[in-house]
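Peer 1:
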Amino acid sequence: MGLKKCGVVRGLSVVFFLFLFSITEGVRVGRPKIFNVVRYGAIPDGTTDNSKAFLEAWKDACEWKGRGRVYVPKGTFKLKSVLFLGPCEGQMAFVIKGILKAPTDMSFLASDSWINFRYVDQLSVSGGGSLDGEGSVAWPRNECKKNPNCQSLPTTSSGVQISNVTFKNIWGRSKSASAVTLRCSKTRPCKDIVLEDIHLKSSPKVGQIFSSCSNVYGFSYGYQSPRPCL
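When the letters of the sequence shown are read in order and numbered with mature numbering (1 follows the signal peptide of the UniProt record, and there is no 0), they come out as residues -26 to -1, 1 to 204.
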């Protein structure tokens, strides 16, 4: 994504989002149909909550019996916690050209992660845009080390499998040392995960960042920061 001051999203518990997936139908052929979030009412002003517009665009793309592509044009789109559910009728792509901005108020994060995709197979996340976590990045909440009542991070359900997911040209700035976290179940490991050209930086107070993987199979290539765990 090409960005500045960006926060990444939480792990599979995933890089950039918490991803839970299951198997759907195979790849459909043909030209992809574009579902532009602006046509669903999204406003790229950096302050308006666009969660509803994004969810409606996803719903229509997911129901498309072919290759659906949710398209986020240039601009800054603010989002509260969102959950993009599958399974979908065809192959899905989430193309981000602009900036997705999280709310600064943690109370607006309805779950333990900011952007969630569940029960989707053959998903591609790309576009060269960026994820701005605003310090409340949808990754492990750092307060857990200080707060004994903090909920532990969710892991992938043993009844769900993550597969065929590609993260390409992702940019951002992590507020956590664990910039990339891919965590999956031993009984249902994540398969065919691809990291291509990942450009993540640490915020000034974080220092060195790293990535970690658990029960994840795949590969990485191109530019990788931090050093990949695949």
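Glycine included, every Cβ here is placed at the ideal spot set by N, Cα and C.
(1) From the DSSP output, in three-state form, read off S25 for me.
(2) T50 lies in the beta strand (DSSP E); which residues open and close that run?
(3) Quick one: using the 10 Å Cβ neighbour count with 16 as the cut-off for buried, is R201 buried or exposed?
(4) What are the boundary residues of the beta strand (DSSP E) that includes S55?
(5) In whole angstroms, what is the alpha-carbon distance linking F193 and L105?
(6) Output the boundary residues of the beta strand (DSSP E) element that contains G15.
(7) Just to confirm the assignment, what range does the beta strand (DSSP E) spanning T198 have?
(8) With H, G and I counted as helix, E and B as strand and the rest as coil, what does DSSP make of W38?
(9) Let me check understanding here. Comparing Cα to Cα, which of Y195, A151, V46 and C164 lies closest to K179?
(10) For I183, which of G60, F141 and S148 has the nearest alpha-carbon?
(11) Excluding the 5 residues preceding and the 5 following E170 in the sequence, name in chain order all residues of the same chain whose CB lies nearer than 8 Å to its CB.
(12) Suppose you measure from the CA of K48 to the CA of A16; what does that come to, to the nearest Å?
(13) How would you label T155, buried or exposed, when you count the other beta carbons within 10 angstroms and need 16 or more for buried?
(14) Let me check understanding here. Comparing Cα to Cα, which of Q65, A27, L53 and G103 lies closest to L174?
(15) Buried or exposed: which applies to K39, given that a residue is buried once 16 or more other Cβ atoms fall within 10 Å of its Cβ?
(16) Could you check whether G20 and K52 sit closer than 8 Å to each other, using their CB atoms as the reference points?
(17) Could you tell me which of I167, S176 and T22 sits nearest to P77, measuring between CA atoms?
(18) In whole angstroms, what separates the C-alpha of G72 from that of A31?
(19) For K165, report the span of its beta strand (DSSP E) as first-last.
(20) Could you check whether Y45 and F9 sit closer than 8 Å to each other, using their CB atoms as the reference points?
Peer 2: A quick look at the data gives this:
(1) Translated into positions along the sequence shown, residue 25 becomes position 51. DSSP places S25 in helix when its eight states are reduced to three.
(2) Here residue 50 refers to the residue found at position 76 of the sequence shown. Annotation: the continuous beta strand (DSSP E) that includes T50 extends over T50 to K52.
(3) Indexing the sequence shown from 1 puts residue 201 at position 227. With fewer than 16 other Cβ atoms inside 10 Å of its own Cβ, R201 counts as exposed.
(4) Within the sequence shown, the letter at position 81 stands for residue 55. First-last for S55: undefined, no H or E at that position.
(5) Within the sequence shown, the letter at position 219 stands for residue 193. Within the sequence shown, the letter at position 131 stands for residue 105. Answer to the nearest angstrom: the Cα atoms are 22 Å apart.
(6) The residue you call residue 15 lines up with position 41 of the sequence shown. Run containing G15: none; DSSP gives neither H nor E here.
(7) Numbered from 1 along the sequence shown, position 224 holds the residue referred to as residue 198. Reading off the sequence shown, one finds Gln at residue 198, where the question assumed Thr. Per DSSP, Q198 belongs to the beta strand (DSSP E) from V190 to S199.
(8) Along the sequence shown, read from residue 1 onward, the residue named residue 38 stands at position 64. Annotated three-state conformation of W38 is coil, per DSSP.
(9) What you label residue 179 is simply residue 205 of the sequence shown in a count that begins at 1. Comparing Cα-Cα distances from K179 to each of Y195, A151, V46 and C164, the minimum goes to A151.
(10) For the purposes of this step, residue 183 is identified with residue 209 of the sequence shown, where counting begins at 1. For I183, the closest alpha carbon among the candidates G60, F141 and S148 is that of S148.
(11) Residue numbering aside, residue 170 sits at position 196 when the sequence shown is read from its first letter. Only T140, F141, K142, N143, S194, Y195 and G196 meet the Cβ criterion.
(12) Walking along the sequence shown from the start, residue 48 turns up at place 74. Walking along the sequence shown from the start, residue 16 turns up at place 42. One Cα belongs to K48, the other to A16, and the distance between them is close to 12 Å.
(13) In the sequence shown, counting from the first residue as 1, residue 155 sits at position 181. Buried, because 16 or more other Cβ atoms sit within 10 Å of the Cβ of T155.
(14) Walking along the sequence shown from the start, residue 174 turns up at place 200. Among Q65, A27, L53 and G103, the Cα nearest to that of L174 is on G103.
(15) Looking up residue 39 in the sequence shown gives position 65. By the C-beta density criterion, K39 is exposed, having fewer than 16 other C-beta atoms within 10 angstroms.
(16) Reading the sequence shown from its first residue, position 78 is the one you call residue 52. Reading the sequence shown from its first residue, position 46 is the one you call residue 20. For K52 and G20, yes; Cβs fall inside 8 Å.
(17) Mapped onto the sequence shown, residue 77 falls at position 103. Nearest option by C-alpha distance: T22.
(18) Counted from its first residue, the sequence shown places residue 72 at position 98. Counted from its first residue, the sequence shown places residue 31 at position 57. Their backbone Cα atoms lie some 16 Å apart in a straight line.
(19) Taking the sequence shown and counting its residues from 1, one reaches residue 165 at position 191. Per DSSP, K165 is one residue of the beta strand (DSSP E) stretching across C164 to S176.
(20) If you number the sequence shown from 1, residue 9 lands on position 35. If you number the sequence shown from 1, residue 45 lands on position 71. Result yes, Cβ atoms of F9 and Y45 sit closer than 8 Å.
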